[in-house]
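**Student:** Structure incoming, see below.
There are 2 protein chains.
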Amino acid sequence: MEFGNLIDGKQISASIRLSVKEDVERLVSQGHRAPCLAVILVGERVDSQTYVRNKKKTAADLGIQSIDKVLPESATQQQVIDIVRSFNNDKDIDGILVQLPLPSHINEEAVLNEIDIAKDVDGFHPINIGKLSMRGRKPEFEPCTPKGCIELIDRSGISIQGKNAVVLGRSNIVGLPVAMMLMNRDATVTICHSKTKDLKEKCREADILVVAIGQTKLVKKDWIKPGAVVIDVGMNTDENGKLCGDVDFNECKQVAGHITPVPGGVGPMTIAMLMKNTLTSAQKKFCN
Amino acid sequence: MEFGNLIDGKQISASIRLSVKEDVERLVSQGHRAPCLAVILVGERVDSQTYVRNKKKTAADLGIQSIDKVLPESATQQQVIDIVRSFNNDKDIDGILVQLPLPSHINEEAVLNEIDIAKDVDGFHPINIGKLSMRGRKPEFEPCTPKGCIELIDRSGISIQGKNAVVLGRSNIVGLPVAMMLMNRDATVTICHSKTKDLKEKCREADILVVAIGQTKLVKKDWIKPGAVVIDVGMNTDENGKLCGDVDFNECKQVAGHITPVPGGVGPMTIAMLMKNTLTSAQKKFCN
Ligand SMILES: NC(=O)C1=CN([C@@H]2O[C@H](COP(=O)(O)OP(=O)(O)OC[C@H]3O[C@@H](n4cnc5c(N)ncnc54)[C@H](OP(=O)(O)O)[C@@H]3O)[C@@H](O)[C@H]2O)C=CC1
Ligand SMILES: NC(=O)C1=CN([C@@H]2O[C@H](COP(=O)(O)OP(=O)(O)OC[C@H]3O[C@@H](n4cnc5c(N)ncnc54)[C@H](OP(=O)(O)O)[C@@H]3O)[C@@H](O)[C@H]2O)C=CC1
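Protein chains in written order, with this note's numbering: chain A, -18 to 269; chain B, -18 to 269.
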């Protein structure tokens, strides 16, 4: 049995970005316009501003156009919806992303439901989640972070079919969709959350363990089945203010077969998948 | 520990039908029209004809109006879609049900997607499945058979929160939605299917076991954790041509805490829930 193989999200995401860049260049050389991502940011949260800046920078690096619309904290729900609608109607926009969280006076569900599902590159629309979950259906887009988790597993040469997969967390943006994707890849999936009893025992049964709970280094060495694949989605800060995951990496890498670090694991995959979804959206449009 | 308590679907569904009947009478006495269910049947499958006849009969018993539209096997997809659309536009119809399976030349997904989600009393539209699965979202309707399973558990006084629930089967109409409903009721859910290894071991961990695989009496006594709740959705015929479930009832009732028989378990709940969804649809309309 192999232990402690690092799943290098930095390297894997770099190779995905490179192939997206090449595909964008090909589209443009065929006479099409560059794919275009529109980002809506409401308010002045520093973390949200950082995310949006990173998305714009990555888009620019790959030749993807990006538009951003920044609204003040005081913006009304209707104003946000009006912008979503105008982006829906703009045929030169391929992807629409509303940076979450929105200010508390705005109903996120009402806003997200407005996004044209053909431009829902975040994959959060309920119809996309429904199709992602159902047998024989295909969503327009798979949500970016879950899709990134699956890519990390695939590109590490690990097969999913028939494996016991345990997902910690059931949020709409990570836990639930990643569980559905693992199920549709024929894993036997167990979904755990804050009401789960014997979390450690559940984890010990996992051949593939995906952790997305937002709890600093909760998952310890003796929670891991020897040789298991551990994907850590968590992005927390440790006691020294450093970015860390939900998994105690230094301990767990001694037991896991393959493991993602934080930073440098799932994190860089999310933006890479967003770029890929935006490209795919443009390709679908140009090829129809 | 208690053993072998029968969960009596016949009795529970009768009490649900009675309360639906009373609610229909109240609506009508308030001057509203009776709720109305429209059923579309394509082709001459004997089993489908039986289902449709039973639905009509139950509706009549409860004071719910039903319309049925029978099309020949040779009907085109467009003809079926046109009827769905005319029912969507008919404000006197509260629920639309397309009897499955459709003839193989018709794309089921294309037809089901046409049903107005406010009339999707079967709850099979992807947007309903998406909302059923997501945190903080509510579908217009919960699918009838899964909803029936949950009712059986609830009305037997069994709490779901924190329990280990194992679902055998992941179909769009039973396994997947029942798993999502158990998860949203705070069970820790494991979804098993034909690619699952060690099915027996998985079942033995279940406090609540829901079986929907269509395999005659596959689940045996030594698959059941003593005291577990066993919900058998299967409808198969045994070697003597008699209706039977996916669970070997005579064996398993010796170990299970609570168990549904077949017939007389989940079966009668499905139609009761369909009637309840149709009533709910009418109530929503009249109260807005
Ligand atoms: N790498 C990336 O690009 C991304 C990283 N993240 C990170 O992933 C983590 C999860 O994010 P997100 O899904 O949005 O978080 P949410 O807060 O929306 O969901 C957390 C989930 O974890 C469960 N949970 C919380 N505490 C425990 C516990 N002690 N034991 C078991 N389950 C628990 C919750 O259960 P319950 O449902 O019962 O409340 C919930 O389902 C965060 O650290 C976040 O920063 C998120 C998105 C992208
Ligand atoms: N009481 C009622 O009102 C209703 C009863 N039913 C009955 O419920 C049963 C299931 O129906 P439905 O969900 O439509 O069936 P499907 O055939 O659509 O799905 C069957 C599911 O069971 C899985 N499965 C099949 N064989 C095995 C096995 N040996 N071990 C583990 N998993 C297995 C399949 O796995 P995979 O996905 O890998 O193929 C699939 O997910 C049937 O008997 C049906 O008649 C259905 C609807 C209503």
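C-beta: ideal position from N, C-alpha, C; glycine also.
Give the DSSP bridge partners of CYS173 of chain B, in chain order.
**Tutor:** The residue given as residue 173 of chain B occupies position 192 in the second sequence. For CYS173 of chain B, which the question treats as bridged, DSSP gives the partners B:LEU149.
**Student:** By Cβ distance below 6 Å, which residues in the same chain neighbour LYS50 of chain B in space, the five residues on each side in sequence not counted?
**Tutor:** As a position in the second sequence, residue 50 of chain B is number 69, starting the count at 1. So the qualifying residues of the chain are ILE21, ILE64.
**Student:** In chain order, what residues of the region 161 to 180 of chain B put their CB closer than 7 Å to some CB of chain A?
**Tutor:** Cβ contacts with chain A: MET164, ASP167, THR169, VAL170, THR171, ILE172, CYS173, LYS176, THR177, LYS178.
**Student:** Could you tell me if ALA193 of chain B is buried or exposed, where buried requires 16 or more neighbouring beta carbons within 10 angstroms of its beta carbon?
**Tutor:** For the purposes of this step, residue 193 of chain B is taken as residue 212 along the second sequence, with counting starting at 1. When all chains shown are included, ALA193 of chain B counts as buried.
**Student:** Under 7 Å between the Cβ atoms of MET162 of chain B and VAL170 of chain B?
**Tutor:** Locating residue 162 of chain B in the second sequence gives position 181, where the first residue counts as 1. Locating residue 170 of chain B in the second sequence gives position 189, where the first residue counts as 1. It is not a contact, given that the beta carbons lie outside the stated cut-off.
**Student:** With a cut-off of 8 Å, do at least 3 Cβ pairs link the region 248 to 259 of chain A to the region -14 to 1 of chain B?
**Tutor:** Counting Cβ pairs under 8 Å, fewer than three are found: no touch.
**Student:** Enumerated in chain order, which unbroken segments of the alpha helix (DSSP H) with a length of 4 residues or greater are wholly contained in the region 151 to 239 of chain A?
**Tutor:** Entirely contained in the region 151 to 239 of chain A, the alpha helix (DSSP H) runs reaching 4 residues are, in chain order, 156 to 165, 180 to 185, 230 to 233.
**Student:** Where DSSP assigns a beta bridge to GLN46 of chain B, which residues make up the other side?
**Tutor:** Taking the first residue of the second sequence as position 1, residue 46 of chain B is located at position 65. For GLN46 of chain B, which the question treats as bridged, DSSP gives the partners B:CYS17.
**Student:** Out of B:MET216, B:SER114, B:LEU83, state which residue places its alpha-carbon closest to the alpha-carbon of SER29 of chain B.
**Tutor:** Here the question's residue 29 of chain B lines up with position 48 in the second sequence. For SER29 of chain B, the nearest C-alpha among the options comes from B:LEU83.
**Student:** Quick check: is any heavy atom of ligand 4 less than 6 Å from the C-beta of SER(-6) of chain A?
**Tutor:** Of the ligands one can find in the structure shown, namely ligand 1 and ligand 2, none is ligand 4.
**Student:** Shortest alpha-carbon distance to LYS198 of chain B belongs to which of B:PRO242, B:VAL159, B:VAL5, B:GLY238?
**Tutor:** The sequence position of residue 198 of chain B within the second sequence is 217, counting from 1. Per the Cα distances, B:PRO242.
**Student:** Under a Cβ-count criterion, where at least 16 other Cβ atoms within 10 Å of its own Cβ denotes burial, should PHE(-16) of chain A be classed as buried or exposed?
**Tutor:** On the first sequence, residue -16 of chain A is found 3 positions in, with the first residue counted as 1. Flag for PHE(-16) of chain A reads exposed.
**Student:** Along chain B, in chain order, which residues have C-beta atoms closer than 7 Å to that of LYS112 of chain A?
**Tutor:** Against the first sequence, residue 112 of chain A aligns to sequence position 131. Result: PRO107.
**Student:** For chain A, is any of its Cβ atoms less than 7 Å away from the one on MET115 of chain B?
**Tutor:** In the second sequence, the residue the question calls residue 115 of chain B occupies position 134. Output row for MET115 of chain B: interface = yes.
**Student:** Please indicate yes or no: does the CB of THR126 of chain A lie closer than 6 Å to some heavy atom of ligand 1?
**Tutor:** In the first sequence, counting from the first residue as 1, residue 126 of chain A sits at position 145. Yes, the beta carbon of THR126 of chain A sits closer than 6 Å to at least one heavy atom of ligand 1.
**Student:** Against GLU220 of chain B, what residues of chain A qualify as contacts under a CB-to-CB distance less than 7 Å, listed in chain order?
**Tutor:** The residue labelled residue 220 of chain B in the question sits at position 239 within the second sequence. Here the premise fails: no neighbours, minimum Cβ distance about 30 Å.
**Student:** Please work out which residues of its chain come closer than 7 Å, Cβ to Cβ, to TRP204 of chain A, disregarding the five sequence neighbours upstream and downstream, and give them in chain order.
**Tutor:** Along the first sequence, one-based indexing puts residue 204 of chain A at 223. If we look at TRP204 of chain A and ignore the five residues flanking it on each side, its Cβ neighbours are LYS181, CYS184, ARG185.
**Student:** The alpha helix (DSSP H) that contains GLY138 of chain B, what's its start and end?
**Tutor:** Counted from its first residue, the second sequence places residue 138 of chain B at position 157. First-last for GLY138 of chain B: undefined, no H or E at that position.
**Student:** Counting only the same chain and skipping the five closest in sequence on each side, list residues whose C-beta sits under 6 Å from that of ILE131 of chain B.
**Tutor:** One-based indexing of the second sequence puts residue 131 of chain B at position 150. So the qualifying residues of the chain are MET162.
**Student:** Excluding five sequence neighbours on each side, which residues of the same chain lie with their C-beta closer than 8 Å to the C-beta of PRO107 of chain B?
**Tutor:** The residue you call residue 107 of chain B lines up with position 126 of the second sequence. ASN94.
**Student:** Could you give the DSSP three-state label for LEU83 of chain B: helix, strand or coil?
**Tutor:** Within the second sequence, numbered from 1, the residue matching residue 83 of chain B stands at position 102. LEU83 of chain B: coil per DSSP, three-state reduction.
**Student:** Contact defined as beta carbons within less than 8 Å: I believe ASN301 of chain A pairs with ILE98 of chain A. What is the distance between those atoms, to the nearest angstrom?
**Tutor:** Any property of residue 301 of chain A remains undetermined from this structure, which presents chain A solely from -18 to 269.
**Student:** With the cut-off set at 7 Å, would you say ASN145 of chain A and ALA187 of chain A are in Cβ contact?
**Tutor:** Position 164 of the first sequence, counting from 1, holds the residue named residue 145 of chain A. Position 206 of the first sequence, counting from 1, holds the residue named residue 187 of chain A. Contact: yes.
**Student:** Going along chain A in order, which residues have a C-beta closer than 8 Å to the C-beta of GLN142 of chain B?
**Tutor:** Taking the second sequence and counting its residues from 1, the one referred to as residue 142 of chain B is at position 161. Within chain A, the residues near GLN142 of chain B are LYS176.
**Student:** Scan the region 70 to 99 of chain A for residues whose Cβ lies nearer than 7 Å to a Cβ of chain B and list them as they occur along the chain.
**Tutor:** Within the region 70 to 99 of chain A, the qualifying residues are GLU90.
**Student:** Start and end of the alpha helix (DSSP H) containing PHE122 of chain A?
**Tutor:** For this step, residue 122 of chain A is matched to residue 141 along the first sequence. Element bounds for PHE122 of chain A: n/a, residue is neither H nor E.
**Student:** Cβ of ASN153 of chain B less than 7 Å from any chain A Cβ?
**Tutor:** On the second sequence, position 172 is the one that residue 153 of chain B refers to. Chain A, which has a Cβ nearer than 7 Å to the Cβ of ASN153 of chain B, makes this yes.
**Student:** Can MET162 of chain A be considered in contact with ligand 1, in the sense that its beta carbon sits closer than 6 Å to one or more heavy atoms?
**Tutor:** Residue numbering aside, residue 162 of chain A sits at position 181 when the first sequence is read from its first letter. It does not: the Cβ of MET162 of chain A is nowhere closer than 6 Å to a heavy atom of ligand 1.
**Student:** Check whether the Cβ atoms of ASP213 of chain B and VAL236 of chain B lie closer than 7 Å to each other.
**Tutor:** Position 232 of the second sequence, counted from the first residue, corresponds to residue 213 of chain B. Position 255 of the second sequence, counted from the first residue, corresponds to residue 236 of chain B. Their beta carbons are not under 7 Å apart, which means ASP213 of chain B does not touch VAL236 of chain B by this criterion.
**Student:** Note down the Cα distance separating LYS112 of chain A from GLY129 of chain A, rounded to an integer number of angstroms.
**Tutor:** Against the first sequence, residue 112 of chain A aligns to sequence position 131. Against the first sequence, residue 129 of chain A aligns to sequence position 148. Cα to Cα, LYS112 of chain A sits roughly 18 Å from GLY129 of chain A.
**Student:** Closer than 6 Å: is that where the CB of ALA146 of chain B sits relative to any heavy atom of ligand 1?
**Tutor:** Taking the first residue of the second sequence as position 1, residue 146 of chain B is located at position 165. ALA146 of chain B Cβ: outside cutoff for every heavy atom of ligand 1.
**Student:** Would you identify the three-state DSSP class for ILE62 of chain B, choosing helix, strand or coil?
**Tutor:** Along the second sequence, read from residue 1 onward, the residue named residue 62 of chain B stands at position 81. Three-state DSSP puts ILE62 of chain B in a helix.
**Student:** Which value, in whole angstroms, describes the spacing of the CA atoms of ALA19 of chain A and THR31 of chain A?
**Tutor:** As a working note, residue 19 of chain A is residue 38 in the first sequence. As a working note, residue 31 of chain A is residue 50 in the first sequence. Looking at the two C-alpha atoms, the distance is approximately 16 Å.
**Student:** With DSSP as the reference, please indicate the residues paired to VAL1 of chain B in a beta bridge.
**Tutor:** Taking the first residue of the second sequence as 1, we reach residue 1 of chain B at position 20. DSSP output for VAL1 of chain B lists no bridge partner at all.
**Student:** Starting from VAL282 of chain A, trace the alpha helix (DSSP H) in both directions and tell me its first and last residue.
**Tutor:** One cannot answer for residue 282 of chain A here, as it falls past the ends of chain A, which runs -18 to 269.
**Student:** How would you write the range of the alpha helix (DSSP H) that THR297 of chain B sits in, first residue to last?
**Tutor:** One cannot answer for residue 297 of chain B here, as it falls past the ends of chain B, which runs -18 to 269.
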